Structure formats: structure tokens, C-alpha cells
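The sequence shown maps to residues 1299 to 1850 in my numbering.
Note that beta-carbon positions come from the ideal geometry of N, C-alpha and C, so glycine has one too.
Just so you know, these numbers come straight off a predicted model, no measurement behind them.
Take a look at the structure set out below.
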Amino acid sequence: MNGLVKEGSIGSILFKSQIITEHELRAALEAQKVSGCRVGEALVRLGVVTQEDIDWALSNQLNIPYVRLKKENVDPAAVALVPGQLARRYNLFPLFLSGSELSVAMADPLNQEAIDALGKATGCQVSISVGLIREIREMHDLIYGPDQSTPELGFSSADFPAKVLEAINADLSGATLLNHLLLRMVKQKFASLALQPLGDVVCVLARADGRTAEIGRLPVTYYGALTERIRKLARAVPAGGLSASGVLTFLWQGKRIPFRTLMIGGCGGDYVTLKRQISPPRLSELADLGLPASKGAELRALTGEREGLILFSGRDPEERSRLMDLFLDACDSSGKNVLLLGERLGRGSKRFPRLPVCRDGVDDTASIVSAALEHDPDTLVVEDVTEVASFIAASKAVLRGKLVVAGLSHGNKAGVLKQLLYLRQKNFLIPTHVKGVVSCKCVLILCPACKERYTPPPEELAALRLPISQREYFRPNGCPACDHSGYSGTRYLLDVIRFDKVILEAFEMICKSTEIISFMKDNGYRGITEEGTELLERGEISPGEYVASIIL
């Protein structure tokens, strides 16, 4: 499995027992990233295995006894030692007591935290057997009686009134907590809010005026439900790995307030950060991008292509997909069969059939492209072909006379050109098939009412890769005009490279992407870097934004 899971983990045991396949294990790991559940739970939810399969495998491979629970076999002395609340918390049930050794059945015999807590509570040496979680819970009700405690979310904070905390904790879905956290962000002008899982507890941190403070804590018991809600509301689709991003909209006093939502898998659940979204310009057509005349003409020329490969690059999959939708709206698709492949495409004014590329939590773009070709489309629009297998599948579609509009996750034109040169060297790409490359970046524009003039020290300029000069620099501050964000809005910057005769000749003769870019500049090319430099010189963007959004 090439290190897919740790040796001795539940996934490894089930795979080696031939109860699951590697593909099924990968699907469970992807599901785990989304929900924060255990691998075994993910496999059961996917219908790959039953709980009995997991329990049998654990018992067999770990050499731990497997027991079936019956009321007549209960040892009252063992039950008297283990509080019902502790038994329910860790899904365990006491079997019998022999001297100072306590034997218990556990749904998860690898839960060391539960074993330690049990040993501390009873003062006994703990002996473990594997039991069915269904039978364990049935024994809880039979022996300890129905659970009388009212379940609570468990959020605690000194920053919220008692009545608010009562309402928050009564809602196990986390919806009330999320609403109050967003409301507090708006009222207190927080720059960001983070949910940080720390094992058995989640810290809620707020950042304002350059400082971070804890405003509450939450047990992990229902944290998965909260993060799943955030993910759905923000449409935070995983971007080819552990991380995901999206936009969550909060309605307050009749105003829709967007929050940038960032999620990444962590120990104990998703690490979540919420920030006020600086809304980009409203885009309904390519003209709304506000491009220079020459660059706009190049982009419009690409919309006239009938076959070949047109690539759109950018690190943000949402922005990249939105630009691809705009481009598709500008293309003449009358009388053509157009297929969209991906989760984020299809939000333009034209409607086309869309095929998801993630199946059972696994990205399968290459196979979906190949299968889609059998339906004889004229145009294929593919969200991401960064992986070599996906790119090869797209290239095969071009060989069959199709127009393929595809995304790449590279952050700049240099990265795209480098990959194209590599693919050409491996004979995976015919240069004449490439019709153009479009790179997109979005920069935050400083609020003119409150931007703050400052002189960066030499070490900061060095870290930002900026030359020491007498140039004036500005940074965000925050005022009522910009809702204390420090920014007035965003602006799109584009690189548009048409692979005409001159560029094709350079591409076939030059082996380094940096040399191709130098050649283009020598021939009058002006792209994102040059436009970004002008914005910096005019004081419209900060040095940090220049480096983070344009240079890196």
C-alpha cells in the first residue's frame, strides 16, 4: 500500500485480511477527511464492510478475544466498578472482575485513551476483549438503565451570556453555535475566527488588531457534525488533498455577508478558519474582467478555436473554474455537444450536462475523460488535468479532433510552461495542439480611505524579495468605509498566451520556462507580474499582497 496507512492500524489490518481492497481503503480515507470519522466507521458508512467484519478482523489479527454479550453473564462486581457515564462515553462494558484485573468488552480495542481512563477510574489492570457496539449499547440500557442525561454540545465561553450558551448547547447540530460565532465576528470586527482541534477538545480563537485570543472551547463529541455543516454551507470541496475552501454566506439585518472558509484535516477533526470575504468584481461576461484592450482581444480570439487544448491555470480552483465558465459563455456553442467534467464547473449563463469526477471520494478524472469521449462531444471542459494521467487523457481527446478547455493548479505561467515542456519531452504532448494558456490571479486592493503609509525595514524587504528603494509603500489599516477589513475590493489580473507561430517556435526550441518568458518579454509581452508591479508602485496593493498573490 506504499505507506497509505500505518502498520497495525484498522485499515492495514482489514486490507491484509483481504476484507477490503486498496481502492475501498482509499475511498474510506477520503471519506474520513470529509467527516473526521474513524476509518472503520467510514468503511461501514460506505457499505464496504459490516461492523462485525471490523470486530472479527481486530480480534483475529490483534490476538484479542472476541466476545458476545449476554445479560446472564454479567458480573455485578465488575459493573459496580465502572460508572455508566464512562462506559457510554467510550463504548465499553465490564465483563468480570478477578482480583485486581478488570475484563471489559470494547468496540474499539485500540482506544488507548479509554483504557487509560478506565484504569484510572477503577484502579484495576484492564484486560480487553472486542465486542459489538450494538450489543455494548444494548447492555448499557439493560444494566445501567436508560441514559438520563440530556446530551449537550458542550460549548463553554466567558464571552457569551448564560442564556445564549444554553441555546447553543441545546442544538447538537452546531447550527446555533455557528450563527452566534459569525454574528460575533461581524459585531466585534474580527479579522478571522479559527476552530482548532486539540485531541479531545476544540479551541475557538478570534483574531483582531493583530492579536489572537481564545473565546471558547468545545468537546470533540459533536464537532464532526459542526464541520460537516460548515462544509456543506460553504460548498467547500476538497482540492485534491486534505484541504478545502469555499464561501459561507451569513444573513444579518437583511444583508448577506460572505465568509471565506478554509478547512484542512487535523488530528481530532478539521482545522477551520473563517475570514471576511472581500467580494471580487461581479462577473457576468469576459468584459467585466476589465482587461487591457490587447489582452482582451487575445482572450476573445481563443474563444473562436474549434479544436485543440486551451489551459486555464490558477491555485484557487473556485476562481479558475469561474473564469472557465465565463470563457465557455463567450464561445459559440450552438449546434455543439458540450460536456463539463468536475464539481465546480457549470455556473455560467449557459447550461450544459456536468459529470462529477470524484467517485467514492477518489478523483477519477482520467477515466471519466476517456468514458466521456465515447459520447462523441465536440467540447470537453475539464476542471483539473494537473495530474499526468488526466493530462494524457485530455491530450487523447484533442487527437480525436475535440476542443478541450482544462484547468491546471499551477500558480503562474512559469509553472504551466514547465509542465508543458516536461510533457513534450516525454512525448505526451504535441505542441501544435496547444492553442493558449490563461493564468488568473486575484489581488486585494487597499482601501484608499485608510491605507497606511509605512517604510519596511531592510530585513522585511529582503524577506518580501523587494529591492531597497525610496518608493512609498502602503499596508491595510481598517475603517468604517471598508468595514474594518483594510481593503476596498479585489481585482483580476490575467496572463493570456496564444500559441501562435512565434510562441510555438520558441516553445519547440527553448528548454526552460524562464527563458521562454524572457523571450516573450523581449517581444513586448506584458502580464500579471508587470501589472502587479504597477499596482504596487501606485500604492494600490501592499508589499505583502504583491508577494503572496503575484510573486509566489
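- Counting along the chain, SER1396 sits inside the beta strand (DSSP E) bounded by residues 1390-1396.
- In the DSSP assignment, GLY1842 falls within the alpha helix (DSSP H) that extends over 1841-1844.
- In this structure, ASN1371 lies away from ILE1434, with their beta-carbon atoms at least 8 angstroms apart.
- Cβ-Cβ separation between VAL1680 and ALA1712: approximately 22 angstroms, too far for a contact (criterion under 8 angstroms).
- Residue state for GLY1309 is assigned as helix, using DSSP reduced to three classes.
- Judged by DSSP secondary structure, GLY1567 falls within the beta strand (DSSP E) whose first and last residues are 1567-1574.
- Comparing alpha carbon positions, the residue from SER1396, PRO1675, PHE1625 closest to GLY1633 is PRO1675.
- Only exposed fits SER1398, as fewer than 16 other CB atoms lie within 10 angstroms of its CB.
- Annotation: the stretch 1809-1848 contains the following complete segments of the alpha helix (DSSP H) (minimum length 4 residues), in chain order: 1811-1820, 1826-1835, 1841-1844.
- Beta-bridge pairing by DSSP links TYR1785 to LEU1744.
- Rounded to the nearest angstrom, the gap between the Cα atoms of VAL1500 and GLY1640 is 33 angstroms.
- In this structure, SER1315 sits away from VAL1365, with a CB-CB distance that is not shorter than 8 angstroms.
- Within its own chain, the residues whose Cβ lies closer than 6 angstroms to the Cβ of ASN1635, once the five positions on either side in sequence are excluded, are PRO1675, ASP1676, listed in chain order.
- Between the C-alpha atoms of VAL1686 and ASP1798 there is a straight-line separation of about 25 angstroms.
- Relative to the Cα of CYS1748, the nearest Cα in the group ALA1760, LEU1759, VAL1736, PHE1772 belongs to PHE1772.
- Straight-line spacing of the CA atoms in VAL1732 and THR1788 works out to 30 angstroms.
- Cβ atoms of PHE1610 and CYS1738 come within 8 angstroms of each other, at about 7 angstroms.
- The Cβ-Cβ distance between LEU1792 and ILE1826 falls below 8 angstroms.
- Residue state for VAL1714 is assigned as helix, using DSSP reduced to three classes.
- Three or more Cβ pairs closer than 8 angstroms define a contact, and the stretch 1570-1588 meets that threshold against the stretch 1774-1789.
- Residue range 1490-1495 is occupied by the beta strand (DSSP E) that includes GLN1494.
- Residue range 1553-1564 is occupied by the beta strand (DSSP E) that includes THR1559, with no alpha helix (DSSP H) assigned at that position.
- The C-alpha of SER1707 lies about 42 angstroms from the C-alpha of ALA1468.
- Between the alpha carbons of LEU1480 and ILE1317 lies a gap of roughly 44 angstroms.
- In the DSSP annotation of this structure, the continuous segment of the alpha helix (DSSP H) that includes GLU1464 starts and ends at 1460-1468.
- Annotated three-state conformation of ILE1766 is coil, per DSSP.
- When C-alpha distances from VAL1667 are compared across ARG1649, ALA1695, LEU1643, the shortest belongs to ALA1695.
- Looking at the DSSP output, LEU1503 sits in a beta bridge with ALA1492, GLU1512.
- Contact between LEU1719 and CYS1809 holds: their C-beta atoms lie close to 7 angstroms from each other, under 8 angstroms.
- Note: GLY1705 is bridge-paired with PHE1610 in the DSSP secondary-structure output.
- Between the beta-carbon of ALA1375 and that of LEU1395 there is about 5 angstroms, and that keeps the pair under the 8 angstroms contact cut.
- When only Cα atoms are considered, SER1455 and ARG1598 end up about 55 angstroms apart.
- According to the DSSP assignment, THR1525 belongs to the alpha helix (DSSP H) that extends over 1521-1532.
- The count of Cβ pairs closer than 8 angstroms, one atom from the stretch 1753-1767 and one from the stretch 1549-1567, stays below three, leaving the stretches out of contact.
- Every unbroken stretch of the beta strand (DSSP E) spanning 3 or more residues and falling wholly within the stretch 1577-1634 is given here in chain order: 1606-1611.
- Assigned with DSSP and collapsed to three states, ILE1426 falls in strand.
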